[in-house]
Amino acid sequence: MLAHTPVLLAECLKALAPQAGGLYLDATVGFGGHSRALLEVAETTVIALDQDPLALQLSLENLAQFGSRVQGVRVNFADFEPTALLGEQFGGFQGILADLGVSSLQLDRAERGFSWRESGPLDMRMGTGETTAADLVNFASEVELARIFHEYGEERFSRRIARSLVETRARTPFTTTTELADHVARVIGYRQKIHPATRVFQGLRIAVNDELGALDRFLTKATQWLAVGGVLAVISFHSLEDRRVKWSFRRDPDLEILTPKPLTPSLEEQRHNPRSRSAKLRYARRIVRNPHDRSA
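All residue numbers in the sequence shown are consecutive under this note's numbering, ending with 320.
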């Protein structure tokens, strides 16, 4: 099924090169496709994280055959603390993978409110946060909405859209995804191949989940979670994420960059899984001794 197709799978396996006895972190397990491959290729152990309780539940059910070799933790990857889970004997991961952005599990369920394709509540929460997309659309200031659409959605008509939303919500609040999508389409029209509301939805989703802030916090910690020679691999889906990964890798003296340019899906993969089209993979290797690594 399309929803279960892990992006850039062969490239991720080549980057992480799973070895028997190795400990790996899947920081965004989703459906568990990448974790399954790590567990099948070698006798590895995988710590699987996800802030979405349903995603974590389904992935652990999908990986149940691997028994104690898989351990799931419901947490945002930015808040994960390996020693709290694994104890002071933790010696570092041999590989860490983060597959960023919204998952098919979230996009394909109208009740989650991530997509403009089907009517659902304006939610967009990946985890259990309190703020929803409806809260932002109906109560954020015009200036704040314009900033969200411009900064996080890279929407050129951000001010026009924000102004119209504020004027309209004063009469009737927005409650569903299709209401919002149809309104944005009326405001700016169909100017490109993508739906007019695509960037607005991206901006709201990033704001609701503090995705860029969480990514920044994760990147500052992740290198220290690696054992010497361990690899950090990150799949991003838009330029805001990719730039953060690129510059974080470049600034980190403990990392050796192994992808001067990001890897992208083959044409065959893009045909098989259209949602992979914007994916970019960067990875780097830890080159100094991890203070937790007692084998060195």
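We put the CB at the ideal spot given by N, CA and C, even for glycine.
*For Leu-124 versus Leu-228, is the C-beta spacing smaller than 8 Å?*
Indexing the sequence shown from 1 puts residue 124 at position 100. Indexing the sequence shown from 1 puts residue 228 at position 204. No, Cβ-Cβ distance for Leu-124 and Leu-228 is not below 8 Å.
*If you draw a straight line from the C-alpha of Ala-186 to the C-alpha of Thr-199, how long is it?*
By 1-based counting over the sequence shown, the position of residue 186 is 162. By 1-based counting over the sequence shown, the position of residue 199 is 175. In a straight line, the C-alpha of Ala-186 is about 16 Å away from that of Thr-199.
*Whether Ala-157 touches Asp-147 by CB criterion (8 Å)*: Here residue 157 corresponds to residue number 133 of the sequence shown, with the count starting at 1. Here residue 147 corresponds to residue number 123 of the sequence shown, with the count starting at 1. Yes, the pair counts as a contact, with Cβ atoms nearer than the cut-off.
*asked:* Quick check: what's the CA-CA separation for Leu-26 versus Asn-100?
replied: Position 2 of the sequence shown, counted from the first residue, corresponds to residue 26. Position 76 of the sequence shown, counted from the first residue, corresponds to residue 100. Caution is warranted here: a pLDDT of 37 is assigned to Leu-26, below 50, making its placement in the model unreliable, and no coordinate value can be reported.
*Per DSSP, Ile-120 is paired with what?*
Within the sequence shown, the letter at position 96 stands for residue 120. In the DSSP output, where bridge partners are listed per residue, Ile-120 has Leu-49 and Leu-256.
*Assuming Arg-184 contacts Val-211 under a Cβ cut-off of 8 Å, what Cβ separation, rounded to an integer in Å, is found between them?*
Counting from one through the sequence shown, the residue named residue 184 turns up at place 160. Counting from one through the sequence shown, the residue named residue 211 turns up at place 187. Right, the Cβ-Cβ distance comes to about 6 Å (below 8 Å), so this counts as a contact.
_To the nearest angstrom, how far is the alpha carbon of Ala-320 from that of Ser-92?_
Counting from one through the sequence shown, the residue named residue 320 turns up at place 296. Counting from one through the sequence shown, the residue named residue 92 turns up at place 68. Interpretation of Ala-320 is limited by its pLDDT of 44, a score under 50 that renders its predicted location unreliable; no figure is taken from the coordinates.
*Hey, out of Lys-217, Arg-195 and Ala-221, whose CA is closest to His-207's CA?*
Position 183 of the sequence shown, counting from 1, holds the residue named residue 207. Nearest C-alpha to His-207: Ala-221.
*Separation of Phe-114 from Leu-305, as counted between CA atoms*: On the sequence shown, residue 305 is found 281 positions in, with the first residue counted as 1. On the sequence shown, residue 114 is found 90 positions in, with the first residue counted as 1. Whole-angstrom Cα-Cα distance: 27 Å.
*Would you tell me roughly how many angstroms separate the C-alpha atoms of Arg-301 and Phe-261, rounded to the nearest one?*
Numbered from its first residue, the sequence shown carries residue 301 at position 277. Numbered from its first residue, the sequence shown carries residue 261 at position 237. So the two alpha carbons sit approximately 9 Å from each other.
_Quick check on the DSSP output: the alpha helix (DSSP H) that includes Gly-153 runs from which residue to which?_
Counting from 1 along the sequence shown, the entry for residue 153 is found at position 129. Careful: Gly-153 lies outside any alpha helix (DSSP H) and carries neither H nor E.
*Just the Cα atoms here: how many angstroms apart are Val-53 and Thr-69?*
Here residue 53 is taken as the residue at index 29 of the sequence shown, counted from 1. Here residue 69 is taken as the residue at index 45 of the sequence shown, counted from 1. Taking the straight line joining both Cα atoms gives about 14 Å.
*asked:* Looking at the secondary structure, which residues open and close the alpha helix (DSSP H) in which Thr-69 lies?
replied: On the sequence shown, residue 69 is found 45 positions in, with the first residue counted as 1. Premise fails: Thr-69 lies in the beta strand (DSSP E), 69-74, not in any alpha helix (DSSP H).
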